[in-house]
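> Handing you this structure, nothing more for now.
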Amino acid sequence: MRAMTRSRCLPLLAVTVPCMLSLPACGSESNTTQQSAPPAADAGTDATGQDAAPDVATDAPQQDVIEDTVSDATFDAAQDALEDTAVDQTGDVEEPWPTCDAQPSGVPAKSISDIWQEHPSTPTAVWIPGAIITAISKGGCAAGSACQIFLQTEETYATLADGAHHAIKLFVSGNTAGHFTSLQTGDRVDVYAHAWRYNVNPPQNELLLQVNLQLRGCAKAVGTANPTPITGVELTDLTVDAYENTVGPLLVQVQAVSGKPGSPTETFGLWKTGGPFVDAGPEGVVSASPYFLPAGSFAGLPTDGQTVVHFDSITGVFGLFIPGADGGSSKYLELYPRQMTDMPHP
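Pasting the structure below:
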């Protein structure tokens, strides 16, 4: 449900393949962001993509890119159309859009952890007071473009376990994103949205908040906060199960990781600095994504896809992306930095 052309390095072969259009995922990405993934095996690598005789300083993914020919803009438009077909298009005239100046009548107040515990299977109206924005796609919502906003209850937590079930994603359709353009990372907001386990296109299985023309909602800044990452997190802690069931989209920091950046609008796989890159498949490799950076683009990194960059740390919201172009069968683990200072390196 996002706008974006993606490309991803896939194992074994590097060929150009057109992607088939499918229904979108709430996890699709920006209109310019692309995705790089694990390396293709080539001369000198074994079947897992690792060097037969690994050099721990340079063992890393190759940037053999398969271009996606269907953009996430197409996915967003299709999803918004599906969500809005049942809507009375005169609704905005007859009923003013909610403003979040006050809790809507009949809508219960819930904490983020309440939503995780209640686990609604269908869209359920909720009022969440005082949530903290930890990240916004492209640095801020723009009218006409689908937007993602990550929320959590407290500024930080001592451990992943302490923060578990205290964070959630708010997905806003392109048709309604114009009501959210004033929001900024660090705002403390009152939120009216619809919570549910988004499983329209299995294996999608994400607990989230949603706003579109049919599921109206709003968010209003009521203060400021200083969200800081959970430290001591390892790449191996960031799994599909952790995102979907046990942890959620918390703001985290991983220390001493490396990657081979390519195009500024591509994501790239990460591995622990000093160790080999292991091609563990889409659900076993965490990538750094530029989708929550301004303009959805990395700045100041190499762009050749071959130069190894050793990052002192990377701070970002833990996320999950399901392309949809492959039928939604693959789930890709992401770290979403919000600014380039979230990625210090020599």
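Residue numbering for the sequence shown follows our numbering, beginning at 939 and increasing consecutively.
In this text, a Cβ means the ideal position worked out from N, Cα and C, and glycines have one as well.
None of the values given here were measured: they were computed from a predicted structure.
From this set, G1078, T1114, P1199, which residue's C-alpha is nearest F1230's C-alpha?
G1078
> Three-state secondary structure (DSSP) at Q1122?
coil
> Since I1168 contacts L1188 with CB under 8 Å, what's their CB separation in whole angstroms?
6 Å
> Considering only heavy atoms of the ligand HEM, does any lie closer than 7 Å to the CB of V1185?
This structure lacks the ligand HEM, and indeed carries no ligand of any kind.
> Pull up the distance between the alpha-carbon of M1278 and that of G1257, whole angstroms please.
18 Å
> Just the C-alpha distance for P1141 and Q1191, rounded to the nearest angstrom, thanks.
28 Å
> Could you tell me the distance, in whole angstroms, from the CA atom of P1046 to the CA atom of T1245?
Approximately 52 Å, taken between the alpha carbons.
> When you compare each of A1080, S1111, T1241 to L1121 by their alpha carbons, which one comes out closest?
A1080
> State yes or no: is the C-beta of V1149 within less than 8 Å of the C-beta of V1110?
yes
> Do V1195 and V1160 have their C-beta atoms closer together than 8 Å?
no
> Give the DSSP-derived three-state secondary structure of V1110 in the structure shown.
Residue state, collapsed to three classes: strand.
> In its own chain, which residues sit with a C-beta less than 8 Å from the C-beta of K1048, not counting the 5 before and 5 after it?
E1056, V1064, W1065, I1066, A1133
> Tell me which same chain residues have a C-beta within less than 8 Å of the C-beta of T1097, skipping the five on either side of it?
Only residues of its own chain outside the window of five on either side were considered, and among them I1168, G1170 have a CB closer than 8 Å to the CB of T1097, listed in chain order.
> Where does the unbroken beta strand (DSSP E) through D1250 begin, and where does it stop?
1247 to 1259
> Between which residues of its own chain and T1123 is the CB-CB distance below 8 Å, once the five residues before and five after are set aside?
I1071, T1072, A1073, I1074, G1077, P1165, R1276
> For T1184, does the three-state DSSP call read helix, strand or coil?
helix
> In three-state DSSP terms, what is M1278?
helix
> Considering only residues of the same chain and omitting the five flanking positions on each side of L1173, which have a CB-CB separation below 7 Å?
V1192, V1195, L1208, K1210, V1224
> For T1241, which residues from the same chain have a beta carbon less than 8 Å from its beta carbon, with the 5 sequence-adjacent residues on both sides left out?
P1199, G1200, S1201, P1202
> Assuming P1228 and D1250 make a contact with CB atoms under 8 Å, what is their CB distance in whole Å?
About 18 Å separates the two Cβ atoms, so there is no contact after all.
> Assuming the contact rule is C-beta atoms closer than 8 Å, C1085 and A1115 should be a hit. Round their C-beta distance to whole Å, please.
4 Å
> How long is the line joining the alpha carbons of T1316 and G1222, rounded to whole angstroms?
Since the first residue shown for the chain is 939 and the last is 1284, residue 1316 is missing from the structure and cannot be characterised.
> Residue range of the beta strand (DSSP E) that A1069 falls in?
Residues 1062 to 1074.
> My output table needs one value for T1162: the three-state DSSP class, helix, strand or coil.
strand
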